[in-house]
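Letter 75 of the sequence shown, counting from 1, is numbered 75 in UniProt numbering, and no numbers are missing. Heads up, the beta-carbon is just placed ideally off N, CA and C, and yes, glycines get one too. Just so it is clear, the structure is predicted and the values come from calculations on it, not from any experiment. In what follows, a structure is listed as structure tokens, so that the remarks can point back to it.
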Amino acid sequence: MKEEMKMDHELMKRRINEWYFEYSNDLYQYVVFMIRDHDQAKDIMQDTFLKAYTNYERYQGGNAKAWLFRIARNLTIDYIRKKKPISLLFEAIPFIKNEDPTPEQMTTLNETERELYRALGKIKRSYREVIILRKMKDFSVKESAELLGWSESKVKTTLLRAIAALKKQLEEEGFTHETIL
1 MKEEMKMDHE LMKRRINEWY FEYSNDLYQY VVFMIRDHDQ AKDIMQDTFL KAYTNYERYQ
61 GGNAKAWLFR IARNLTIDYI RKKKPISLLF EAIPFIKNED PTPEQMTTLN ETERELYRAL
121 GKIKRSYREV IILRKMKDFS VKESAELLGW SESKVKTTLL RAIAALKKQL EEEGFTHETI
181 L
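Right, here's the structure in full:
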């Protein structure tokens, strides 16, 4: 019995490690787009894998990427909620300058990415989430619905509204780029 538990533990460690190498970059990008804080995004991404490791018995097989994204989303929402109350107010107000990426980070982004990054930061969180999942991370409607806890029709409707809001935001900033979405 002890030998069987040791084998299960080794399999779990190996699987989590494989998932880390396969999905950590996508998870990091998702979180950084959500909170616009690179250092905190790294912490949340690491916490995602720690939580996956400690809660591995809850994983019921299937889509590991969706399970990890669900964990990352919950940790991100927890982080947003724990911010000071005044920060929650700012979440609903357009993008605040002190949350812009650092100059070093901005030099690595091309012009279109900078436009998109800024505009995403100015639309509401639910819109940002659905755009990131569906258009940037290529989750299916069904996967996005499961991850967000929404119906598939809500994902579709919200995505249409989110794209319209993002395009409007880009236009307000003087950018027109038909290939963004």
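| Asked | Found |
| --- | --- |
| Expected contact under 8 Å - CB spacing of Leu160 and Ala66 to nearest Å | About 22 Å; that fails the 8 Å criterion. |
| Through-space distance from Gly174 to Glu18, alpha-carbon basis | 43 Å |
| Pairwise C-alpha distance: Met34 and Ile96 | Residue placement at Ile96 is flagged as unreliable, the pLDDT there being 35, under the threshold of 50; the coordinate-derived value follows with that caveat. C-alpha separation (whole angstroms): 14 Å. |
| Alpha carbon of Asp26 to alpha carbon of Lys42, nearest angstrom | 11 Å |
| Reference Lys51; option with closest CA among Ala72, Trp150, Tyr79 | Ala72 |
| Where Gly121 falls, given that 16 or more other Cβ within 10 Å makes a residue buried | buried |
| Sequence-distant residues of its chain with Cβ nearer than 7 Å to Tyr169 (five each side left out) | Checking the displayed sequence, the identity of residue 169 turns out to be Gln instead of Tyr. Once the five neighbours on either side are set aside, the close Cβ partners of Gln169 are Ala119, Lys122, Ile123. |
| Every unbroken alpha helix (DSSP H) within the region 115-147, with a cutoff of 4 residues, ordered by chain | 125-131 |
| Pairwise C-alpha distance: Phe69 and Phe21 | 14 Å |
| Rounded straight-line distance, which links the Cα of Tyr59 to that of Val130 | 23 Å |
| Continuous alpha helix (DSSP H) stretch holding residue 186: start and end | Only positions 1 to 181 of the chain appear in the structure, and residue 186 is not among them; the question remains open. |
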